[in-house]
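Student: What follows is a single structure, and I will ask about it in a moment.
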Amino acid sequence: MIPGGGQPNMQQLLQQAQKMQQDLARAQEELAQTEVEGQAGGGLVKATVTGSGELRNLVIDPKAVDPEDTETLADLVVAAVHAANENARQLQQDKLGPLAQGLGGMPGLPF
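In numbering that gives the first Met the number 0, the protein residues as written are 0 to 110.
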């Protein structure tokens, strides 16, 4: 029950919102520091991105390099970066999903 005839305690709501904002900022910082990897071609091309999606490293096995077929190499690079970004999106969901649900569950806030 909400004390005071159904009116939410604004001070308490503001404190909860501030804490959630701090938690969200902390989670976003963790994402920016956490690296995830994606690969293609059975590991011939590996891409490393941060949890926020910034490409940090790209490793290409020399066996993937064929001067006569650069299109395949380009496809492998795109696939590895795509896989790494998918892993980053999953990490974002894991870290930020519970926080977003918490924001939606606060009474008096339009989420």
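Positions of the beta carbon are idealized from the N, C-alpha and C atoms, including for glycine. None of these values were measured; they are calculated from a predicted model.
#1: Start and end of the alpha helix (DSSP H) containing Glu-28?
#2: Rounding to the nearest angstrom, what Cα-Cα distance links Val-44 and Met-9 in this structure?
#3: Assuming contact is defined by CB atoms lying nearer than 9 Å, are Val-48 and Ala-87 in contact in what I supplied?
#4: By a C-beta neighbour count over all protein chains shown, 10 Å radius and 16 as the cutoff for buried, is Pro-109 buried or exposed?
#5: Mapping the DSSP letters down to three states, classify Val-44 as helix, strand or coil.
#6: Is the number of C-beta pairs between the region 70–77 and the region 18–34 that are closer than 8 Å three or more?
#7: Helix, strand or coil, according to DSSP, for Val-64 in the structure here?
#8: Alpha carbon to alpha carbon, how far is Pro-97 from Val-76? Give it in angstroms, no decimals.
#9: How many angstroms separate the CA atom of Gly-37 from the CA atom of Leu-90?
#10: Sorted by chain position, which residues of the same chain lie with C-beta nearer than 7 Å to Ala-39's C-beta, five sequence neighbours on each side aside?
#11: Within 10 angstroms of its Cβ, does Gly-41 collect 16 or more other Cβ (buried), or is it exposed?
Tutor: Per the coordinate set shown:
#1: In the sequence shown, residue 28 corresponds to position 29, counting from 1. Per DSSP, Glu-28 belongs to the alpha helix (DSSP H) from 9–32.
#2: The residue given as residue 44 occupies position 45 in the sequence shown. The residue given as residue 9 occupies position 10 in the sequence shown. Val-44 and Met-9: Cα-Cα distance of roughly 53 Å.
#3: As a position in the sequence shown, residue 48 is number 49, starting the count at 1. As a position in the sequence shown, residue 87 is number 88, starting the count at 1. Yes.
#4: Numbered from 1 along the sequence shown, position 110 holds the residue referred to as residue 109. Low confidence applies to Pro-109: its pLDDT is 43, below 50, so where it sits in the model is not reliable enough to give any reading.
#5: Sequence index remark: in the sequence shown, residue 44 carries index 45 (1-based). It is a strand residue.
#6: no
#7: Locating residue 64 in the sequence shown gives position 65, counting from the first residue. Coil at Val-64, not helix or strand.
#8: Residue 76 sits at position 77 when you count from the first residue of the sequence shown. Residue 97 sits at position 98 when you count from the first residue of the sequence shown. When rounded, the distance between both Cα atoms is 32 Å.
#9: Counting from 1 along the sequence shown, the entry for residue 37 is found at position 38. Counting from 1 along the sequence shown, the entry for residue 90 is found at position 91. Their backbone Cα atoms lie some 13 Å apart in a straight line.
#10: Your numbering for residue 39 matches position 40 in the sequence shown. Here the set comprises Leu-75, Ala-78, Ala-79, Ala-82.
#11: Position 42 of the sequence shown, counted from the start, is the residue given in the question as residue 41. Exposed: under 16 other Cβ atoms inside 10 Å.
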